[in-house]
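Structure record follows, encoded as structure tokens.
Residue numbers (the numbering used here): 6 to 239.
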């Protein structure tokens, strides 16, 4: 990087920020600063999507259509998946459709999800809800096919119900923020990168991938902006 480069950074909320080079990514031409402001939060969603190990044509359930959930919907569609989005707020459903969701439902519509998956169950579930309830993990386990994958990106109760996990041999993973390197002082503060052969998608490489996806028009983060306030009112 050199002075004058436009960059997105994963830094604390402050007016002036000191950030290691591994937590910055260059903003492509054609991507505005406003769009690039979504880079860090979108990278959190991208890491969750990556951990689901999805392939083109697979069917995915996204539980929770808040900020990160909406981003996951668009990223999954960019990856060639079919997506069913659910939320307890009906106002989030149409936004999810505009972000690319193939189908949406209120609450935990298990019958609709089974129909969406040709009654096999979905290949993977990405949980982006924020709740202390155990309901999302129970819904996810019920919705998965045999040997399906569940990735928790948000916050939910983790009293894993043994019967569906045992009967289906389900995989469960908790995603860790931006990706490999996050919270590692050597990576974040000293700028020591992980070799690409050992960690293809580090936090920084996830950030760059998000920006490239925005530049390609496949991640319309501008649809997520609902309000604007002057800095002096922050």
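Positions of the beta carbon are idealized from the N, C-alpha and C atoms, including for glycine.
Give the DSSP-derived three-state secondary structure of residue i in the structure shown.
i	result
residue 155	strand
residue 177	strand
residue 88	strand
residue 143	helix
residue 11	coil
residue 52	helix
residue 127	strand
residue 93	coil
residue 21	coil
residue 106	coil
residue 36	coil
Evaluate residue i with the Cβ neighbour count: other Cβ atoms within 10 Å of its Cβ, from every protein chain shown; 16 or more gives buried, anything less gives exposed.
i	result
residue 219	buried
residue 144	buried
residue 92	buried
residue 221	exposed
residue 133	buried
residue 180	buried
residue 172	exposed
residue 6	exposed
residue 151	exposed
residue 211	buried
Would you mind stating whether residue i and residue j have Cβ atoms separated by less than 8 angstroms?
i	j	result
residue 156	residue 131	yes
residue 140	residue 117	no
residue 46	residue 72	yes
residue 175	residue 169	yes
residue 207	residue 198	yes
residue 107	residue 63	no
residue 135	residue 159	yes
residue 214	residue 51	yes
residue 142	residue 162	yes
residue 148	residue 166	no
What does the alpha-carbon distance come out to for the pair residue i and residue j?
i	j	result
residue 200	residue 236	39 angstroms
residue 42	residue 59	27 angstroms
residue 81	residue 65	8 angstroms
residue 10	residue 31	7 angstroms
residue 192	residue 186	5 angstroms
residue 95	residue 34	36 angstroms
residue 89	residue 104	12 angstroms
residue 83	residue 224	8 angstroms
Comparing C-alpha positions only, which one of the options sits nearest to residue i?
i	options	result
residue 68	78, 52, 62	78
residue 188	89, 6, 28	28
residue 49	205, 34, 184	184
residue 231	124, 97, 194	97
residue 53	40, 150, 74	74
residue 234	39, 8, 17, 13	39
residue 102	229, 8, 124	229
residue 57	177, 204, 17	177
residue 26	13, 226, 37	13
residue 86	124, 239, 55, 99	55
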